[in-house]
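This report refers to the structure that appears directly beneath it.
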Amino acid sequence: MIVDFHTHVFPPKVRETREEYARRDPCFAAMYADPKARMATAEELIAAMDEAGVRVSVALNIGWVDRDICRETNDYILESAARYPKRLVPFISVRPGAGESAVREVERCAKAGAKGLGEMRPDVQGFDPASREVMDALVEVLVRHNLLFLTHASEPVGHVYPGKGSVTPEKLYAFISMFPELKVVCAHWGGGLPFYALMPEVRKALANVYFDSAATPYLYQPEIFRHVINLAGPDKVLFGSDYPLLSAGRVMADVDKAGLGEVEKRALLGVNATRLLGLQHA
Numbered sequence: 000m001i002v003d004f005h006t007h008v009f010p011p012k013v014r015e016t017r018e019e020y021a022r023r024d025p026c027f028a029a030m031y032a033d034p035k036a037r038m039a040t041a042e043e044l045i046a047a048m049d050e051a052g053v054r055v056s057v058a059l060n061i062g063w064v065d066r067d068i069c070r071e072t073n074d075y076i077l078e079s080a081a082r083y084p085k086r087l088v089p090f091i092s093v094r095p096g097a098g099e100s101a102v103r104e105v106e107r108c109a110k111a112g113a114k115g116l117g118e119m120r121p122d123v124q125g126f127d128p129a130s131r132e133v134m135d136a137l138v139e140v141l142v143r144h145n146l147l148f149l150t151h152a153s154e155p156v157g158h159v160y161p162g163k164g165s166v167t168p169e170k171l172y173a174f175i176s177m178f179p180e181l182k183v184v185c186a187h188w189g190g191g192l193p194f195y196a197l198m199p200e201v202r203k204a205l206a207n208v209y210f211d212s213a214a215t216p217y218l219y220q221p222e223i224f225r226h227v228i229n230l231a232g233p234d235k236v237l238f239g240s241d242y243p244l245l246s247a248g249r250v251m252a253d254v255d256k257a258g259l260g261e262v263e264k265r266a267l268l269g270v271n272a273t274r275l276l277g278l279q280h281a
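Next comes the structure, spelled out in C-alpha cells:
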C-alpha cells in the first residue's frame with residue numbers, strides 16, 4: 000500500500016477567491032497569491048491518487064495566521080476525510096500563539112477524527128516552537144490525543160523559492176529536544192537535519208522524529224533517499240509528494256532511481272506511514 004504523507008487540499012471557495020484569502024493571510028499569500036500556484040480540492044486529490052496508485056494520502060492544511068480561516072479549512076479537511084474515510088487522513092492547523100483557543104480547536108478537531116497538526120509554519124505564524132510558554136499546553140493536548148506534529152522545514156543553504164522560509168535544522172533541533180515526547184514529522188527532509196544524525200546526541204533526539212520526501216525533485220538528487228535511510232534509519236522516512244505542487248508519480252520516479260532494496264522501498268512507500276498513523280485498512 001502506498002501512502003502519500005504530504006498533500007494539500009483547499010475548499011473550492013479558497014481557489015475561487017484566491018485574492019481575498021491572500022489579502023487576509025500572509026502564509027497563504029506567500030505560497031498561493033500567484034494565480035499560477037497549483038491548488039487542489041479533495042476530489043482532485045482522490046483522482047490524482049487513483050492515477051498514481053496511491054491508496055491513502057495525508058491531507059494537510061497550511062500554517063494559516065487567520066484563526067477563522069484555520070477553522071474554515073479544518074472543517075473542509077475533516078469533512079473530506081469523512082467522505083473518503085479509507086483514502087484521506089486529516090491533519091488540521093492552528094496558530095499556537097492563539098493560546099487556549101488553539102488548544103480548544105485541536106480538541107474539537109481530534110474528536111472529529113484529526114490525526115495530526117500541520118503543515119505548521121513557525122516562521123510565518125510567528126511562534127517559537129521551542130518556547131514552553133507558547134507550546135506546553137498545545138504539546139500536552141497533542142500527546143494526549145496521540146496526534147502528530149508536521150512542520151515545514153527549510154534548508155539553510157541553496158536556492159530561494161516561494162515559501163522556503165527559515166525553519167532550519169537548528170530551530171527544529173531546539174524544538175524536538177524541548178519536547179521529546181511529541182511525535183514530529185519534518186517535511187522536505189527536515190531541511191537537512193538527518194545529515195546530523197551521525198552526532199550521538201542528535202540521533203538520540205530523533206527518537207520520535209520522522210522525515211518526509213515532499214518536493215524532493217525540486218530540492219535534492221535522488222540519492223537523498225539512500226543517504227537519509229543510512230543516516231537516520233529505514234523506519235524514519237515517509238513518502239510525500241507535496242501534491243498538487245508535484246504529482247506522486249514524479250517523486251516515485253526519484254524513488255526508483257535511488258537504488259533501494261525492496262524492504263526499504265516498502266517501508267518508505269507505506270509501511271512506516273501505516274504504523275505511524277495506526278491505519279487499519281490495507
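Following numbering that gives the first Met the number 0, the numbering of the sequence shown begins with 0 at its first residue and continues without gaps.
For glycine and all other residues, C-beta sits at the position ideal for the given N, C-alpha and C.
With DSSP as the reference, identify every bridge partner of residue i, one or two as the case may be.
i: His7; result: Leu59
i: Asp211; result: Leu237
i: Cys185; result: Thr150 and Phe210
Along the chain, where does the beta strand (DSSP E) containing residue i start, and where does it finish?
i: Pro89; result: Leu87 to Ile91
i: Gly303; result: What is shown of the chain runs 0 to 281, which leaves residue 303 out entirely.
Please state the DSSP three-state secondary structure of residue i.
i: Gly125; result: coil
i: Tyr219; result: coil
i: Phe148; result: strand
i: Val227; result: helix
i: Val2; result: strand
i: Tyr242; result: strand
i: Ser165; result: coil
i: Lys35; result: coil
i: Glu18; result: helix
i: Gly258; result: coil
i: Leu278; result: coil
i: Gly191; result: helix
i: Pro95; result: helix
i: Phe174; result: helix
i: Val250; result: helix
i: Ile180; result: First, the residue type needs correcting, since residue 180 is Glu and not Ile in the sequence shown. Glu180: coil per DSSP, three-state reduction.
i: Ala196; result: coil
i: Val13; result: helix
Would residue i count as contacting chain B if we go by Cβ distances under 8 Å?
i: Cys185; result: Here chain B cannot be found, since the structure has a single protein chain.
Over the uninterrupted alpha helix (DSSP H) stretch that includes residue i, give me the two end residues.
i: Leu141; result: Arg131 to Arg143
i: Leu44; result: Ala41 to Ala51
i: Pro25; result: Pro25 to Tyr31
i: Pro199; result: Pro199 to Ala204
i: Asp67; result: Arg66 to Arg82
i: Ala101; result: Glu99 to Lys110
Just to check my reading of the structure: residue i and residue j have Cβ atoms closer than 8 Å, yes? What is that Cβ distance to the nearest angstrom?
i: Gly190; j: Ala213; result: The pair is not a contact, with the Cβ atoms about 12 Å apart (cut-off 8 Å).
i: Cys69; j: Arg107; result: Wrong, their Cβ atoms sit about 11 Å apart, outside the cutoff.
i: Phe224; j: Leu259; result: 6 Å
i: Ala41; j: Leu87; result: 7 Å
i: Glu118; j: Ala47; result: The Cβ separation is near 18 Å, so there is no contact.
i: Val138; j: Phe194; result: That pair is no contact at about 26 Å.
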